[in-house]
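In my numbering, the protein residues as written are -17 to 250.
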Amino acid sequence: MHSEKASFGLKAAAWGGLVFLHFPILIIFMYAFNTEDAAFSFPPQGFTLHWFSVAFARQDVLESITLSLKIACIATLIAMVLGTLAAAALYRRDFFGKEGISLMLILPIALPGIITGIALLSAFKTLGIEPGFLTIVIGHATFCVVIVYNNVIARFRRTSHSLIEASMDLGADGWQTFRYVILPNLGSALLAGGMLAFALSFDEIIVTTFTAGHERTLPIWLLNQLTRPRDVPVTNVVAMLVMMVTMLPILGAYYLTKGGEGVAGSGK
-17 MHSEKASFGL KAAAWGGLVF LHFPILIIFM YAFNTEDAAF SFPPQGFTLH WFSVAFARQD
43 VLESITLSLK IACIATLIAM VLGTLAAAAL YRRDFFGKEG ISLMLILPIA LPGIITGIAL
103 LSAFKTLGIE PGFLTIVIGH ATFCVVIVYN NVIARFRRTS HSLIEASMDL GADGWQTFRY
163 VILPNLGSAL LAGGMLAFAL SFDEIIVTTF TAGHERTLPI WLLNQLTRPR DVPVTNVVAM
223 LVMMVTMLPI LGAYYLTKGG EGVAGSGK
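Structure representation (structure tokens):
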């Protein structure tokens, strides 16, 4: 009879993997509170919140944060609408070209970001659209749609169609059925998809580099800071903020969709 508990070696390997993945992040967290303004003085000389006040007093930091939040919110809203409509159209009925459409919906998240960025930039240049705020939103929405689509179609597949039929039999029209039956069932999937899409958009840099033009989102600001070693403490503070803003929605989405791993298309 096999034990359900993992062996000591397997546990050690799992913890070792976690430490390997998260040790660089812990370093950034630690030096965000360091009293020294040197790049990395080990061990840290003390604990201070001074660099937080310095970071949030800088206009360039606040402008980059505001821009990234605006882009993430708009891209997430677009993705939630388009991803939900696409999932509703594809989850149940079979028709010619369905698999091809599904592949095209999922492809942006599978392609390397540099390929997506070059393709979007070429398309915008061909159409005579100058890179800027609008092009960043469109670029982010292309891969955010996939996240929402995967979550919503998984929930559709777990929702019994008999509920919809019962609603229609009781006299509800299409809008009432959607509002009182379908939408409540999709609630947590929509929320999880939206949170994941927001997190991905907020810290996206590769596609943004090609579509930003003169705009400077927070990840681009961080990239530019690598050439300024005297600003390392402020950079660590902003990097920690980015990690917190993206980590919390991802954790929330995980708990909202937990238990759906066995559903094809769950996007987990």
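Using N, Cα and C, we set each Cβ at its ideal position, and we do this for glycine too.
Since the structure is predicted, the reported quantities are computational estimates derived from the model, not experimental observations.
Which listed residue (the options) has its alpha carbon closest to that of residue i
i    : options                    : result
D213 : I97, I9, V36 and H4        : V36
I146 : L8, R74, G176 and P113     : R74
A14  : T30, S104, L67 and K80     : T30
A54  : Q41, G65 and H122          : H122
G176 : G153, A154, L230 and S84   : L230
Y237 : S170, M225, P215 and Q158  : S170
L49  : R139, L(-8), L116 and L233 : L116
Whole-angstrom C-beta distance between residue j and residue i, which should lie under 8 Å
i    : j    : result
I10  : A221 : 5 Å
R137 : L168 : 5 Å
V189 : G99  : 5 Å
P94  : V128 : With 8 Å as the limit, P94 and V128 do not qualify as a contact, their Cβ atoms being about 14 Å apart.
C126 : T58  : 6 Å
I164 : L72  : Wrong, their Cβ atoms sit about 15 Å apart, outside the cutoff.
Length of the line joining the Cα atoms of residue i and residue j
i      : j     : result
I60    : S183  : 12 Å
G(-2)  : A235  : 25 Å
E166   : D185  : Checking the displayed sequence, the identity of residue 166 turns out to be Pro instead of Glu. Whole-angstrom Cα-Cα distance: 30 Å.
G247   : S142  : Any answer about G247 is weak, because its pLDDT of 40 lies below 50 and its placement is not dependable; what the coordinates show is given next. About 17 Å.
P201   : A179  : 16 Å
F5     : R198  : 28 Å
L223   : D151  : 51 Å
N16    : T217  : 12 Å
V1     : W33   : 26 Å
I7     : G65   : 32 Å
E45    : F106  : 25 Å
V227   : G153  : 45 Å
G114   : L103  : 11 Å
E112   : M62   : 26 Å
M(-17) : A(-6) : Here the model assigns M(-17) a pLDDT of 49, short of 50, so the residue's position is not dependable, and the following value carries that caveat. When rounded, the distance between both Cα atoms is 23 Å.
G244   : G79   : Because the pLDDT of G244 is 43, which lies under 50, any placement of that residue in the model is unreliable, and the number read from its coordinates should be weighed accordingly. Rounded to whole angstroms, G244 to G79 spans 25 Å at the Cα level.
Q41    : P215  : 16 Å
K(-13) : A(-4) : 13 Å
Boundaries (first-last residue) of the alpha helix (DSSP H) holding residue i
i     : result
R139  : F115 to R140
G95   : G95 to T108
D151  : H143 to D151
A(-5) : F(-10) to Y13
G156  : G156 to T159
L168  : L165 to F184
F38   : H32 to F38
D274  : In the structure as shown, the chain begins at -17 and stops at 250. Residue 274 is therefore absent and cannot be evaluated.
F192  : I188 to T193
K80   : K80 to A92
N206  : L200 to Q207
Buried or exposed (CB count within 10 angstroms, at least 16 for buried), residue i
i      : result
P144   : Strictly speaking, residue 144 in this sequence is Ser, with Pro absent from that position. Burial call: exposed.
S(-11) : exposed
A194   : buried
T209   : exposed
G249   : Model confidence at G249 stands at a pLDDT of 42, short of 50, so the residue's coordinates are unreliable and nothing is read from them.
G28    : exposed
G156   : exposed
Y131   : buried
A302   : Nothing about residue 302 can be read from this structure; the chain reaches only from -17 to 250.
L172   : buried
T124   : buried
R97    : Contrary to the premise, residue 97 reads as Ile rather than Arg in this sequence. By the neighbour-count rule (16 or more Cβ atoms within 10 Å), I97 is not buried but exposed.
I83    : exposed
L87    : buried
Chain D contact for residue i (CB, 7 Å cutoff)
i    : result
L152 : The structure shown contains no chain D, having only a single protein chain.
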